[in-house]
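Protein chains in written order, with numbering that gives the first Met the number 0: chain A, 0 to 339; chain B, 0 to 359. Inspection log for the structure reproduced underneath, given as structure tokens.
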Amino acid sequence: MVKQESESANRPDNTAFTQQRLPAWQPILSAGIVIPGFVLIGLAFIGIGVALFVTSRSIQVLELDYTGDSNGSPCSSCSQSVVTNCKCSLNFTLTTLFQGPVFFYYGLSNYFQNYRRYGASKDDNQLYGDLSYFTSPSSSCSPYDYDSSKKPIVPCGSIANSMFNDTFTLTWTVNGTTNNVPLDGKGIAWWTDYNIKYRNPSVTPLKNAFNGTVKPINWAKPAYELDASDPSNNGFVNQDFLVWMRRAALPNFRKLYRRIDASGDYQKGLPAGNYTIDIAYNYPVRAFNGAKKIVFSNVSWMGGRNEFLGIAYLVIGSLCVVMSIVMLIVYAKFKFPDEE
Amino acid sequence: MIKVAHIGVGISGQEGMQAVLSSDFSFAQFRYLQRLLLVHGRWSYIRMCKFLGYFFYKNFTFTLVQFWYAFFCGFSAQTVYEDWFITFYNMVYTALPVLGMCLFDQDVNDRWSLYHPQLYAPGQKNQYFNKKAFVSYLIHGCYCSLIIFFIPWASMNDAVRNDGKDIVSHPSFAFLLQTCLLIVVHTQLSLDTYYWTAVNHFFVWLSTIGYFAISVTMYSNGMFYVFPSSFPLFGAARNTLNQPNVWLTIFLTFLLCILPVVAFRFIFIQLRPTINDKVRYKMRTEELTAPAPRRLLRRRSTRSGYAFSHSQGYGDLVTSRKFLIKRPLKMTALFTQTDSSIFQNQPQHYRTIAEEPQSP
Chain A
0 MVKQESESAN
10 RPDNTAFTQQ
20 RLPAWQPILS
30 AGIVIPGFVL
40 IGLAFIGIGV
50 ALFVTSRSIQ
60 VLELDYTGDS
70 NGSPCSSCSQ
80 SVVTNCKCSL
90 NFTLTTLFQG
100 PVFFYYGLSN
110 YFQNYRRYGA
120 SKDDNQLYGD
130 LSYFTSPSSS
140 CSPYDYDSSK
150 KPIVPCGSIA
160 NSMFNDTFTL
170 TWTVNGTTNN
180 VPLDGKGIAW
190 WTDYNIKYRN
200 PSVTPLKNAF
210 NGTVKPINWA
220 KPAYELDASD
230 PSNNGFVNQD
240 FLVWMRRAAL
250 PNFRKLYRRI
260 DASGDYQKGL
270 PAGNYTIDIA
280 YNYPVRAFNG
290 AKKIVFSNVS
300 WMGGRNEFLG
310 IAYLVIGSLC
320 VVMSIVMLIV
330 YAKFKFPDEE
Chain B
0 MIKVAHIGVG
10 ISGQEGMQAV
20 LSSDFSFAQF
30 RYLQRLLLVH
40 GRWSYIRMCK
50 FLGYFFYKNF
60 TFTLVQFWYA
70 FFCGFSAQTV
80 YEDWFITFYN
90 MVYTALPVLG
100 MCLFDQDVND
110 RWSLYHPQLY
120 APGQKNQYFN
130 KKAFVSYLIH
140 GCYCSLIIFF
150 IPWASMNDAV
160 RNDGKDIVSH
170 PSFAFLLQTC
180 LLIVVHTQLS
190 LDTYYWTAVN
200 HFFVWLSTIG
210 YFAISVTMYS
220 NGMFYVFPSS
230 FPLFGAARNT
240 LNQPNVWLTI
250 FLTFLLCILP
260 VVAFRFIFIQ
270 LRPTINDKVR
280 YKMRTEELTA
290 PAPRRLLRRR
300 STRSGYAFSH
310 SQGYGDLVTS
320 RKFLIKRPLK
330 MTALFTQTDS
340 SIFQNQPQHY
350 RTIAEEPQSP
């Protein structure tokens, strides 16, 4: 019979693991799973696609380009001359109520905030309020780390230096009276940016922390004067600064500027009427064929207006249903496995 | 003398250990060669080809997404993923599942492999990993990378969160693409794995959930306080993963990459079933009555497997007519041996054949 004693020393392990007999689930693409699965996915996608498309259609968006790159376009006077503090206006008319909450964005095109050297050009430690980095900014900020007289720049780097500095005011003209539309700039940046990632140095008054440093070259005012009236919006935690520092991934982007304050006449949004935007045109974009625009938009559960998702879901859903029919025909005709 | 071979097999035994020492595989009886080739060799070939194919696919997908992003970042070599993800992708997030597939995968189990030796033919014909297969993996990786980049690109164009704030910042876009990529490659691995042991399950789920766990931990407040400038995706996970449009984008990307694969495989199985597909279907439907492999009858044999030319030999044994005794053989009798190891899906004990004492 089987001699077990003397050979057991060399006999390999006879466990399920070593003999590759582990219990396992062995799935197979069978018709009973694939075809109903495709049908279900197709129908679900069509449903989601319809919901997305309808929602997207209900979102109102108004885009106004103000680069001024051709004569006759708004703000062309400001773009051609090199006048600083140039002011121009944009007029537009709303025929129906623009449902609130209304968000006021500025958009830039052909602007590569995702350029690698640009994106690396900042000092997170400085922006976190670490005073030791105020006197010696990180070398990743170069050439925007020290100015010509070897003084450290705070906040250093190319992203901070190129901060968007056009300002806008919105007025509504109705029945001959012109009202200033209140714009709310609180909470336009990410909560994590405002509360954790960016900190002012804990020196009061804030101005003293910046002794011995200079402001970025392209800035009109230093960081501690970004909003002198509101200390919670001053320095590195200024909301506009935070929104700008969150660099965009794509070359055409929009950034939140303000929210239309839902109070008084504007509780439901922007009422119909004539509007004027007064722009302080400071930011030059024409040199690199960029474009600037203002966007008004409201949002829904899926964010801003984006018809791509709705259409994509509808298309893919119908393709799934078509594929399931094709597979059903193929399966019915060839009916594998029947033979060996 | 054989000078070129794919593998060398040595039989260990009474002729010394020289063959064993100079061979790739060695065992004690010549009949184990059948199992070596038809079961282990075949599995090894399939595993190796699947592993290589999947590895190339996942890296093509990963890298080509960066390539498409180059067109949108001014060709500045800006990575679309974040640096830590690039470090961890091959080492942590996709290492274990591939390992699991490579170690444990079986398309048919061992006794069906022995029962259908034709399954061995694809290995001989080099069918599973050749230039054509490589190009198909490349095209598949290219297609998936196009989907993984351009679907989020299109859906995030001018997109915002549902409270109006920004969502197309570079960190959040990177996080979205990373998540899409990982879900797609893990699901592709799940489609490629035909034999899901507990270990495979563990590896795949560990890697998928581990990605989210590591991301959340790495980009948490605590890590930020310790290393403020090392983790640029800080806040990205929190601010993107609570948005429905982000999840809808991930879902769309994932299904658009996986459904064509499922459809193609299903249609090819129907139109051009390979021998593997046929045996797998058969194995599934006839699971409980797996046939015994056609083997020598499990009875005590007075024959020996050795052939010696230097000893007296077994002439006496042969002429004693012991092995010509007819025993009542019924094929069905074999299957009713309920204590037979074959029947109960137990390992087969390869018994050693006791030599008859030599008569001088």
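Ideal Cβ placement from N, Cα and C applies to all residues, glycine included.
Excluding residues up to 5 positions away in sequence, 199, 205, 222, 223 lie with their Cβ nearer than 6 Å to the Cβ of residue 234 of chain A in the same chain. Scanning A:55, A:274, A:321 for the CA closest to the CA of residue 63 of chain A turns up A:274.
With fewer than 16 neighbouring CB atoms inside 10 Å of its own CB, residue 241 of chain B falls in the exposed class.
Between residue 196 of chain B and chain A, the shortest Cβ-Cβ separation is below 8 Å.
Membership of residue 270 of chain B in the alpha helix (DSSP H) is indicated by the continuous run 243-270. By the Cβ criterion, the stretch 187-196 of chain A is in contact with the stretch 234-245 of chain A, since at least three pairs of Cβ atoms, one from each stretch, lie closer than 8 Å.
Under the Cβ distance rule, residue 174 of chain B does not count among the residues neighbouring chain A, no pair being separated by less than 8 Å. Under the DSSP assignment, residue 62 of chain B falls in the alpha helix (DSSP H) whose first and last residues are 41-69. Taking C-beta atoms as the reference points, residue 181 of chain B and residue 80 of chain B fail to come closer than 8 Å.
Under the Cβ criterion of 8 Å, residue 120 of chain B is not counted among the residues facing chain A.
A check of alpha carbon separations from residue 7 of chain B across B:15, B:14, B:20 identifies B:20 as the nearest.
For the stretch 275-308 of chain A, the set of residues with a beta-carbon nearer than 9 Å to any beta-carbon of chain B comprises 294, 296, 297, 298, 299, 300, 301, 302, 303, 304, 305, 307, 308, in chain order. Proximity of residue 56 of chain A to chain B, defined by a Cβ-Cβ separation below 8 Å, is not satisfied. Against chain A, the CB of residue 186 of chain B has no partner CB under 8 Å away; the residue lies outside that interface.
Residue-level contact by beta carbon holds for residue 77 of chain B and chain A, with a gap shorter than 8 Å. The beta-carbon separation of residue 113 of chain B and residue 28 of chain B, rounded to 15 Å, does not stay under the 8 Å limit for a contact. Of all residues in the stretch 11-44 of chain B, none is placed with a Cβ closer than 7 Å to any Cβ belonging to chain A.
Counting the other CB atoms within 10 Å of its CB gives residue 214 of chain A a total of 16 or more, which places it among the buried residues. Interface flag for residue 196 of chain A against chain B is set, since a Cβ pair is found closer than 8 Å. Around residue 163 of chain A, the same chain offers 105, 107, 239, 243, 254, 282 as residues with beta carbons nearer than 8 Å, after the five sequence neighbours per side are excluded. One alpha carbon belongs to residue 328 of chain A, the other to residue 147 of chain B, and they sit about 31 Å apart. With fewer than 16 other beta carbons inside 10 angstroms of its own, residue 96 of chain A counts as exposed.
Taken atom to atom, the span from the alpha-carbon of residue 35 of chain A to that of residue 176 of chain B is near 30 Å. Residue 11 of chain A is classed as exposed because its beta carbon has fewer than 16 other beta carbons within 10 Å across all chains shown. For residue 45 of chain A, the uninterrupted alpha helix (DSSP H) segment begins and ends at 30-57.
When CB distances to chain A are screened at a threshold of 7 Å, not a single residue of the stretch 42-66 of chain B falls below it. The residues 120, 121, 122, 140, 143, in chain order, have a CB closer than 7 Å to that of residue 156 of chain A in the same chain once the five nearest residues on each side in sequence are set aside. When DSSP states are grouped into helix, strand and coil, residue 290 of chain A belongs to the strand group. Bounds of the alpha helix (DSSP H) holding residue 82 of chain B are 82-87. Pairing residue 223 of chain B with residue 229 of chain B, the inter-Cα distance amounts to about 8 Å. Within chain B, the residues whose beta carbon sits less than 7 Å from that of residue 118 of chain A are 77, 169, listed in sequence order. Exposure of residue 71 of chain A is indicated by the presence of fewer than 16 other C-beta atoms within 10 angstroms of its C-beta.
Counting other Cβ atoms within 10 Å of its Cβ, residue 304 of chain A reaches 16 or more and is therefore classed as buried. A Cβ-Cβ distance of about 13 Å is found for the pair residue 161 of chain B and residue 308 of chain A, leaving them out of contact under the 8 Å criterion. Residues are counted here when their Cβ sits less than 9 Å from a Cβ of chain B; for the stretch 33-67 of chain A these are 33, 34, 36, 37, 40, 44, 47, 51, 60, given in chain order. Of A:182, A:218, A:51, the smallest CA-CA separation from residue 158 of chain A is found for A:218.
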